[in-house]
Each structure stands twice: as structure tokens, then as C-alpha cells.
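Those protein sequences? They're chains Y and P, same order as listed.
In terms of this note's numbering, the first sequence is numbered consecutively and its last residue is 316.
In terms of this note's numbering, the second sequence is numbered consecutively and its last residue is 1538.
In this text, a Cβ means the ideal position worked out from N, Cα and C, and glycines have one as well.
Quick caveat, the model's predicted, so the values are computed rather than measured.
Notes to accompany the following structure.
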Amino acid sequence: MISVMTNEENKVLNTNLLIPKTDPSKDKDYKIRTEHVDVFYKDFQALKNINLKIRPYTVTALIGPSGCGKSTYLRIFNRMNDYIEGFRLEGKVLVDDVDLYKDKVLLERLRKDVGMVFQKPNPFPKTVFENVAYGLKIQGVKDKHFIQERVEHALKQVVLWNEVKDDLKKNALALSGGQQQRLCIARTLAVEPNIILMDEPTSALDPLSTGKIEELIFELKNEYTILIVTHNMQQAGRVSDRTAFFYLGELVEEGLTKDIFLNPKKERTQNYITGRFG
Amino acid sequence: MIRKKEFVIEKFLQLSAIITILTTIGIVLVLTIEAFKFFTEVSIIDFFTKTDWTPLFSKKQYGILPLLSGTLLTSFIAILIALPIGLVIAIYLSEYAPRRVRNFVKPALELLAAVPTVVYGFFALMVVTPFLQTIIPGMSGFNSLSAGFVMGIMIIPIVSSLSEDALNAVPMSLREASYGMGSTKLQTARRVVVPAASSGIVVSVILAISRAVGETMIVAIAAGQQPRLTINPLVPVETLTTYIVQVSLGDVAHNSVEYRTIFAAGITLFMFTFALNTVSHWLKNKYRERYE
Chain Y
39 MISVMTNEEN KVLNTNLLIP KTDPSKDKDY KIRTEHVDVF YKDFQALKNI
89 NLKIRPYTVT ALIGPSGCGK STYLRIFNRM NDYIEGFRLE GKVLVDDVDL
139 YKDKVLLERL RKDVGMVFQK PNPFPKTVFE NVAYGLKIQG VKDKHFIQER
189 VEHALKQVVL WNEVKDDLKK NALALSGGQQ QRLCIARTLA VEPNIILMDE
239 PTSALDPLST GKIEELIFEL KNEYTILIVT HNMQQAGRVS DRTAFFYLGE
289 LVEEGLTKDI FLNPKKERTQ NYITGRFG
Chain P
1247 MIRKKEFVIE KFLQLSAIIT ILTTIGIVLV LTIEAFKFFT EVSIIDFFTK
1297 TDWTPLFSKK QYGILPLLSG TLLTSFIAIL IALPIGLVIA IYLSEYAPRR
1347 VRNFVKPALE LLAAVPTVVY GFFALMVVTP FLQTIIPGMS GFNSLSAGFV
1397 MGIMIIPIVS SLSEDALNAV PMSLREASYG MGSTKLQTAR RVVVPAASSG
1447 IVVSVILAIS RAVGETMIVA IAAGQQPRLT INPLVPVETL TTYIVQVSLG
1497 DVAHNSVEYR TIFAAGITLF MFTFALNTVS HWLKNKYRER YE
């Protein structure tokens, strides 16, 4: 659950930071709801009246030409847009019924629940182990045994364990690009988020590594709710349950991936998917 | 005609470059020759092992260690001041300050380096020492503490400016990764940005030390002129640079051993700063392309 900070909690912040994952049996219908969301960068309107609901344990692909607002949309859920000068949001962004922009949400805690994987693999210039342990350590987790277990588990989740288990002290920058990206995913998983945002996670990788990441995404959706921005139509088709097509800051169409690809309702979607523009 | 003009300009520029190099070679050559003559008269082993430096007294001793210790002590105190303050300023400017503030503060700080060192020297002697004496009774009027302290302030901009460049060069993507996992700004700065910039920070510190080791005016004015092998910061000491000033200004006969001591001290100083600059240059090259 996304937690809202009360004064009392604020005081004990460092003692109880590991928030349990949602139990699949008690799911509400939707994990994420955005209602009438407008986003501005100074005078420029990047998102226009976006209404979208996302169910838990699904993969949603966000597609559209560059500059259509899909990355901006992705980043509203961990409030990474906050750092951009002139950023302003109107409307409601609800995760587990908590309004991320209205209720008193503590950014540090939000980002443990909503993890992010970036376009280019960006491991820290530290060892493989330290990379995965980072999220736990900044939460003040001291228990070495616990950290070790969590690191191993996360590396196994991304199928990297067998490749690195003998070199956990190796600098992460020495790994291949594909390994680095899986490491970055492991690093995100280690803090046990329940939503994972992926911003073109395979655009810097070769086809083989891309295949591995896609398989991984397919596995991960059993435990996490995943949003993925991609420019690769085949990828959207392969990994996602639902697809949302953005164009010029508007959500043109959203639906089951196979419907969007085989049977789009709007002509603009049809044109984009068949490669007539974009 | 144009070709001829181009040719003349090119040769002129070449000549300017050559003159610079020749000057440097000349300085090193003079230093080496005079120092060599010195070491034909004084044993190099005594020079580096004896603990008294009294070339101007009747009982002459040529042990460089007291001068070296004076230089190291004042420089050590300076870096003790400059490293933490400089680093904190660098972190503030690169991670916290809005661009407006940074564009104002950075050049303002660099002004510190533009203050004539003689002013710093008098500041140390007339302001810092009397103030410290009220806290530490029995502190000598000339001492390495206030000289080192003021020298530390002088080299803050070297540390802060170069470290800030290094912090700034850390890719934004690493900060995003850290924020994305729920780090605060401080955690991100401390655990990700500073370690990633560590080689650049080390370079800034080495260059600052090099500057402190070669600094003359402040120590000549405020640290005293008594060669003394000590780590006590409250008593007068003499640095290599101060000694060179002292002899150069005095009436020592040219071509005497006493006269040549300044070249021996000079070459010791030169080796020191040369080694520091080489190390920093090497570090800079070694880590430059790490993220590219």
C-alpha cells in the first residue's frame, strides 16, 4: 500500500520502512487511476486530460511518437517530474486510492513502492552486491544476513544470480549492457516495490539481452504491476496485456494489446502502429 | 604574400611556445647544477637525515628535515581546514544550490584566491594569532597554526571549485537512479555522487596541497623563521619557502655553500610539488573516460 505520512509515523520513519506487498486475494479492481490529469512545463502542456485505470498484476505498454507525453505520464507515478523546472500537475493521480499529489505523500516512501528502471542501464559505480543492497542500506537496514538474502533473491528474480554469484564484489560497470540492465531491475526489486515503471528499458540493448528482459517482464507481472514505455511495437505486442497510445499529450486510445494492434478504433492509432508516421 | 605572412605568424607563435619551455628547462637546470655543487660539499645523506638546519650559524648543520617538517605541518593544517569546508561547499553548489546561487557563489569564492597572499599573511599575524592566543594561552606570536589556518582559507576555492566540477560531471542518470529508489538528497550526495566523483576530488586536494606547499608569503610572515623539527602547531617553525626568502634577502656571499643552500631547499620543494602535480595529472587521465 502507498502510505501516507502522519506526524507520528514521521518520527519513527527509520524503523518501519519495509511495506508489505499487496495481497493478490484482496485486490481492489484498479491499482492505479488517473483522473483528468493535466501536466504543464511552464506554459507548455505536456499531458491533456488523461483518464486511465490500470489493474494490478498487469503489464501496460505506453506507446506513441517521441514527445507525445508517455514518459511524462510514466514519471508522474514516482514524482520524478518534480525536479523539472516549471512542472505542474492538475487532476488526480491515485495509487491504491492515495492521491499522490494531494495527500501528504512522503517522496522517499513513495519511491520504495513505485520502482523505476531507466532507459540506459545506470548501475552505481559500486560492486554488484552494493548496487542491489543500496535501496536497503539507505532505508537503514543493518542486518547483514537479511541484506544478503534479499540481494540473492533479487538477483535470482532477474536470472542474473548464476552469472554473478562468484563475482559479487566485481564493479557493476564491468558487466555487459544487458547484465547491467538486469542488475538495475534487481536493484529496484530488492526494496520490494509493488509497481515498476520502465522507461524504454531495452532501447540501449542488443536483441539477445532484449529478449531476456522481455521474458523477465513476463515473469514479473505475477508479482508486480508494470508500466512500460516503449518505441518498439513488437515489444509492446510481446510483453503487454494492455496498450495505451499517446499522441501530442493526449491519450488517443487504450485497450487490450491485441485489440489495439489488430483492431484499433482510431485512425491515428492505426497509422502509428502500421508505421505510417511516428 | 599571404603565405609569407602566415609563415611569419606561425614561426612567431612557435617561438613563444619554445621560449616558455626553454625557461622551464633553464630553471630546472640552474636548480640542478647549483644543488649538485651543494651536494659535492655536503653529504646528501646528512642532508636528508640530520635534524638541525643552521647554515647561517658558526656551527653549520645541513639537515633539511626541520624545513621539510615546517612545510608539511603548515600544509597539513591548511588541508585540514580546506578539505571539509571546500567539499561541503562543492556538494552544496552542485547538489542543492539553485543555478542562480551557484552562478553567483562560485566566482565569489574564487575571489578568495585573488586576495594578495601578503594580505593573508598579515591577517594571520595581526588577527588570527591574537584571537587564538586568547583561547590558547602560551601560544607563540609566530606559529604554524594560524599560518596553516589562513592558508587553508586561501586554498578553499581550489578544493571547492575543482571538486564541484567533478561532482557536476557525475551523470544525472546516477542521481535519478538513487532518487528513484527513495534516497534523500543527502543520501544521494553522500553515497552515490561523492564516491563517483572521488578521483576528481582527490585531484583537487592534491593540487590544493601543492599550492600550500609552495605558498611563501603567509608562512614567511606568520609562521616564523626558526627551523625546528616539531609537530607542535603552537611554536614558530620555518618552511622551505620561508628559508629561501630569508637567504635571498640577506647578505650571503654568492657562490658560497650558504648561498647554495637555497638551491638545495629549492630543489627539494620542486621535487615535492612536481611529484604532487604528476600524481594528480595521472589520476585525472586515468579516470577521465570512466563514464563516457
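| query | What residue does the beta strand (DSSP E) around residue 74/Y start on, and which one ends it? | reply | By one-based count along the first sequence, residue 74/Y stands at place 36. First-last of the beta strand (DSSP E) with residue 74/Y: 70-79.
| Residues of its chain near residue 169/Y, where Cβ-Cβ distance is below 7 Å and the 5 sequence neighbours each way are ignored | The count along the first sequence starts at 1 and reaches residue 169/Y at position 131. In the same chain as residue 169/Y, and ignoring 5 residues on each side of it, the C-beta atoms closer than 7 Å to its own belong to 161, 162, 210, 221 and 225, in chain order.
| field | Closest Cα partner of residue 304/Y within the set 295/Y, 296/Y, 297/Y and 291/Y | value | Taking the first residue of the first sequence as position 1, residue 304/Y is located at position 266. Checked all of 295/Y, 296/Y, 297/Y and 291/Y; the closest Cα to residue 304/Y is 291/Y.
| message | Mapping the DSSP letters down to three states, classify residue 98/Y as helix, strand or coil. | response | Counting from 1 along the first sequence, the entry for residue 98/Y is found at position 60. Strand at residue 98/Y.
| By a C-beta neighbour count over all protein chains shown, 10 Å radius and 16 as the cutoff for buried, is residue 1299/P buried or exposed? | Taking the second sequence and counting its residues from 1, one reaches residue 1299/P at position 53. Residue 1299/P should be labelled buried.
| message | Looking at chain Y, is there any beta carbon in it that lies within less than 8 Å of the beta carbon of residue 1346/P? | response | If you number the second sequence from 1, residue 1346/P lands on position 100. No, residue 1346/P lies away from the interface with chain Y (no Cβ there is under 8 Å from its Cβ).
| Hey, out of 1247/P, 1360/P, 1394/P and 1448/P, whose CA is closest to residue 1374/P's CA? | Walking along the second sequence from the start, residue 1374/P turns up at place 128. Looking at the Cα atoms, 1394/P is the closest of the given residues.
| message | residue 215/Y and residue 159/Y - do their beta-carbons sit closer together than 8 Å? | response | Translated into positions along the first sequence, residue 159/Y becomes position 121. Translated into positions along the first sequence, residue 215/Y becomes position 177. Taking 8 Å as the Cβ cut-off, residue 159/Y and residue 215/Y qualify as a contacting pair.
| Would you say residue 1446/P faces chain Y, with C-beta separation under 8 Å as the test? | If you number the second sequence from 1, residue 1446/P lands on position 200. So no, residue 1446/P is outside the interface.
| For residue 1520/P, three-class secondary structure by DSSP | Taking the second sequence and counting its residues from 1, one reaches residue 1520/P at position 274. In the structure shown, residue 1520/P sits in a helix (DSSP, three-state: H, G or I).
| In or out: residue 237/Y buried (at least 16 other Cβ within 10 Å) or exposed? | As a first step, residue 237/Y is located in the first sequence; it is residue number 199 there, counting from the start. Classification of residue 237/Y: buried, given that the 10 Å Cβ count is 16 or more.
| query | Secondary structure at residue 126/Y, three-state DSSP: helix, strand or coil? | reply | Locating residue 126/Y in the first sequence gives position 88, counting from the first residue. Correct three-state label for residue 126/Y: strand.
| Does any C-beta atom of chain P lie closer than 8 Å to the C-beta of residue 232/Y? | Residue 232/Y sits at position 194 when you count from the first residue of the first sequence. No - not a single Cβ of chain P is within 8 Å of the one on residue 232/Y.
| query | Per DSSP, what kind of secondary structure is residue 83/Y in: helix, strand or coil? | reply | The sequence position of residue 83/Y within the first sequence is 45, counting from 1. Note: residue 83/Y maps to strand in three-state DSSP.
| residue 1293/P: which of 1313/P, 1303/P and 1274/P sits nearest, CA to CA? | The count along the second sequence starts at 1 and reaches residue 1293/P at position 47. Of the listed residues, the one whose Cα sits closest to residue 1293/P is 1313/P.
| Check whether residue 284/Y and residue 102/Y have beta carbons under 8 Å apart | As a working note, residue 284/Y is residue 246 in the first sequence. As a working note, residue 102/Y is residue 64 in the first sequence. Going by C-beta atoms, residue 284/Y is nearer than 8 Å to residue 102/Y.
| Pick from 207/Y, 157/Y, 294/Y and 233/Y: whose alpha carbon is nearest that of residue 269/Y? | Sequence index remark: in the first sequence, residue 269/Y carries index 231 (1-based). Of the candidates 207/Y, 157/Y, 294/Y and 233/Y, the one whose C-alpha sits nearest the C-alpha of residue 269/Y is 157/Y.
| field | Interface residues of chain A facing residue 1420/P [CB-CB closer than 7 Å] | value | Given the protein chain composition of this structure (Y and P), no chain A is represented.
| Alpha carbon to alpha carbon, how far is residue 1261/P from residue 1273/P? | On the second sequence, residue 1261/P is found 15 positions in, with the first residue counted as 1. On the second sequence, residue 1273/P is found 27 positions in, with the first residue counted as 1. Cα to Cα, the separation comes out at about 18 Å.
| query | If you drop the 5 nearest sequence neighbours on each side, which residues of the same chain put their C-beta closer than 7 Å to that of residue 188/Y? | reply | What you label residue 188/Y is simply residue 150 of the first sequence in a count that begins at 1. Closer than 7 Å at Cβ, skipping near neighbours: 174 and 228.
| request: Give a yes or no on whether the C-beta atoms belonging to residue 1359/P and residue 1403/P are separated by under 8 Å. | output: If you number the second sequence from 1, residue 1359/P lands on position 113. If you number the second sequence from 1, residue 1403/P lands on position 157. Going by C-beta atoms, residue 1359/P is nearer than 8 Å to residue 1403/P.
| query | Does DSSP put residue 230/Y in a helix, in a strand, or in coil? | reply | Here residue 230/Y refers to the residue found at position 192 when the first sequence is read from its first residue. Residue state, collapsed to three classes: coil.
| message | With a threshold of 8 Å between beta-carbons, can residue 229/Y be considered close to chain P, or not? | response | Mapped onto the first sequence, residue 229/Y falls at position 191. With 8 Å as the cut-off, residue 229/Y counts as an interface residue toward chain P.
| task | Assign residue 133/Y to one of two classes, buried (16 or more other C-beta atoms within 10 Å of its C-beta) or exposed (fewer than that). | result | Here residue 133/Y is taken as the residue at index 95 of the first sequence, counted from 1. Result: buried.
| message | Taking the straight line between their C-alpha atoms, what separation do you get for residue 1361/P and residue 1467/P? | response | On the second sequence, residue 1361/P is found 115 positions in, with the first residue counted as 1. On the second sequence, residue 1467/P is found 221 positions in, with the first residue counted as 1. Between residue 1361/P and residue 1467/P, the C-alpha separation is close to 16 Å.
| C-alpha gap between residue 260/Y and residue 94/Y, whole angstroms | Start at 1 with the first residue of the first sequence, and residue 260/Y comes out as number 222. Start at 1 with the first residue of the first sequence, and residue 94/Y comes out as number 56. Cα to Cα, the separation comes out at about 9 Å.
| field | Environment of residue 1302/P [buried if 16+ CB atoms lie within 10 Å] | value | The residue you call residue 1302/P lines up with position 56 of the second sequence. It is exposed - the Cβ of residue 1302/P has fewer than 16 other Cβ atoms within 10 Å.
| message | Between residue 119/Y and chain P, is the shortest Cβ-Cβ distance under 8 Å, so that the two count as touching? | response | Stepping through the first sequence from its first residue, residue 119/Y is reached at position 81. So no, residue 119/Y is outside the interface.
| said: Residues of chain Y with CB closer than 8 Å to the CB of residue 1433/P, please, in chain order. | reply: As a working note, residue 1433/P is residue 187 in the second sequence. Correct list: 176.
| message | Contact defined as beta carbons within less than 8 Å: I believe residue 165/Y pairs with residue 207/Y. What is the distance between those atoms, to the nearest angstrom? | response | Along the first sequence, one-based indexing puts residue 165/Y at 127. Along the first sequence, one-based indexing puts residue 207/Y at 169. Right, the Cβ-Cβ distance comes to about 5 Å (below 8 Å), so this counts as a contact.
| task | Report all residues from its chain with a CB closer than 6 Å to the CB of residue 1435/P; omit the five preceding and five following residues, and keep chain order. | result | For the purposes of this step, residue 1435/P is identified with residue 189 of the second sequence, where counting begins at 1. Contacts found: 1337 and 1341.
| field | residue 111/Y beta carbon less than 8 Å from that of residue 85/Y | value | Your numbering for residue 85/Y matches position 47 in the first sequence. Your numbering for residue 111/Y matches position 73 in the first sequence. Yes, they are a contact pair.
| query | Of all the alpha helix (DSSP H) runs that stay within the bounds of the stretch 1480-1515 of chain P, which reach a length of 4 or more residues? | reply | Along the length of the stretch 1480-1515 of chain P, whole alpha helix (DSSP H) runs at least 4 residues long occupy 1486-1495, reported in chain order.
| message | Pop quiz: residue 90/Y and residue 282/Y are said to be a contact at Cβ under 8 Å. What is the actual Cβ separation, rounded to whole angstroms? | response | Position 52 of the first sequence, counted from the first residue, corresponds to residue 90/Y. Position 244 of the first sequence, counted from the first residue, corresponds to residue 282/Y. Yes, they are in contact, since the Cβ atoms of residue 90/Y and residue 282/Y sit about 6 Å apart, within 8 Å.
| said: When you compare the CB of residue 236/Y with every CB in chain P, is at least one pair closer than 8 Å? | reply: To locate residue 236/Y, count along the first sequence from 1; it is residue 198. Output row for residue 236/Y: interface = no.
| The alpha helix (DSSP H) spanning residue 248/Y covers which residue range? | As a working mapping, residue 248/Y is identified with position 210 in the first sequence. That run of the alpha helix (DSSP H) goes 245-258.
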